[in-house]
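Residue numbers (numbering that gives the first Met the number 0): 0 to 200.
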Amino acid sequence: MNSPEQLILASGSEIRQTLLRNAGLSFDVTVGRIDEETVKEALLNDGATPRDIADALAEAKARKVSMKHPGAMVIGCDQTLSFKGKLISKAQNIDEARAQLKEMRGERHKLLSAAVIYENGEPKWRHVGEVRLEMNNFSDAYLDDYLTRNWDQVQYCVGSYMLEAEGVRLFSRIDGDYFTVLGLPLLPLLAYLAQRGVIAS
């Protein structure tokens, strides 16, 4: 297969950009802006699972950017949180974050991180990584302090935590790939890029 003319990440996520740069990749960033809430609502009405939704949102972002950049390889990404089979979306405010975290306290949930690659408006590769996480029985007092200290950073994160920061203290067990927790199934993605000759292997 021929290598693409350009590699584009269709995500404004700083952590995803950092992960790819740290892996030695050269790429451009073009955010694939879609109406995520409308897409999610339609998918939920059709009975889609949180895994399906992560995959569909990643694909929609990749497709949108790919249509404007023929010849480029476009990586679309998205992450969802599944708690007792239910989709948990990003909290709209600190009170909603507190309610979500109290509900998940002492329980297990899943993070699903999807990546989809498009070229010339067509899907070429996709992967959804899954991580299972168990939360501590943290106190209300610690939860309030945690949110006060960290809300500026975690308000953009599903689940209102960043495992690479203080959010790790909310957990007693994590089963799965660390990069998937951060929002990118990096190892399968790198394996595909190496197979395609985009990166050396």
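Cβ coordinates follow ideal geometry from the N, Cα and C atoms, glycine included. Fair warning: this is a prediction, and the values are worked out from it, not measured in the lab.
Inter-residue spacing [alpha-carbon to alpha-carbon] between residue i and residue j
i	j	result
I14	D27	15 Å
M72	I33	19 Å
H108	S159	13 Å
Y117	D143	42 Å
K123	L19	19 Å
D51	R172	25 Å
V197	W150	38 Å
M103	A59	29 Å
L132	D174	6 Å
D176	A140	30 Å
L6	P49	27 Å
S200	L8	21 Å
K63	A164	32 Å
L192	A114	12 Å
G23	T37	35 Å
V167	N44	33 Å
R195	V157	32 Å
P187	Q16	16 Å
A190	D94	41 Å
Sequence-distant residues of its chain with Cβ nearer than 6 Å to residue i (five each side left out)
i	result
G70	E4
A41	none
L185	L18 and F178
L162	V180
Continuous alpha helix (DSSP H) stretch holding residue i: start and end
i	result
Q194	L185 to Q194
I52	P49 to K67
A140	D139 to V153
I93	I93 to M103
I14	E13 to N21
F26	From DSSP, F26 is part of no alpha helix (DSSP H); its letter is neither H nor E.
V180	Y177 to V180
Cβ neighbours of residue i in the same chain (closer than 8 Å, five flanking residues each side left out)
i	result
L169	L100, M134, N135, F137, Y145 and Y160
Y155	K89
K39	I52, L56, L86 and S88
A96	A90, L146, W150, V153, Q154 and S159
K67	T29
R148	E165
Expected contact under 8 Å - CB spacing of residue i and residue j to nearest Å
i	j	result
S65	N119	7 Å
G75	A61	3 Å
G46	V30	At roughly 29 Å, the Cβ-Cβ gap does not stay under 8 Å, so G46 and V30 are not in contact.
Q78	S112	5 Å
Continuous beta strand (DSSP E) stretch holding residue i: start and end
i	result
A113	R107 to E118
L43	From DSSP, L43 is part of no beta strand (DSSP E) but of the alpha helix (DSSP H) over E35 to N44.
C76	A71 to F82
I221	Limits of the chain in this structure are 0 at one end and 200 at the other, which puts residue 221 out of reach.
I7	Q5 to L8
I173	F170 to D174
M134	E121 to M134
Same chain, Cβ closer than 7 Å to residue i, neighbours up to 5 away in sequence not counted
i	result
E35	L56
Between the region 124–131 and the region 179–191, do three or more beta carbon pairs fall short of 8 Å? Contact holds: three or more Cβ-Cβ distances are below 8 Å.
Contact the region 78–85 vs the region 97–116: 3+ CB pairs below 8 Å: Verdict: yes, contact present.
Are three or more beta carbon pairs between the region 89–102 and the region 44–56 nearer than 8 Å? The region 44–56 and the region 89–102 do not touch, with fewer than three beta-carbon pairs separated by less than 8 Å.
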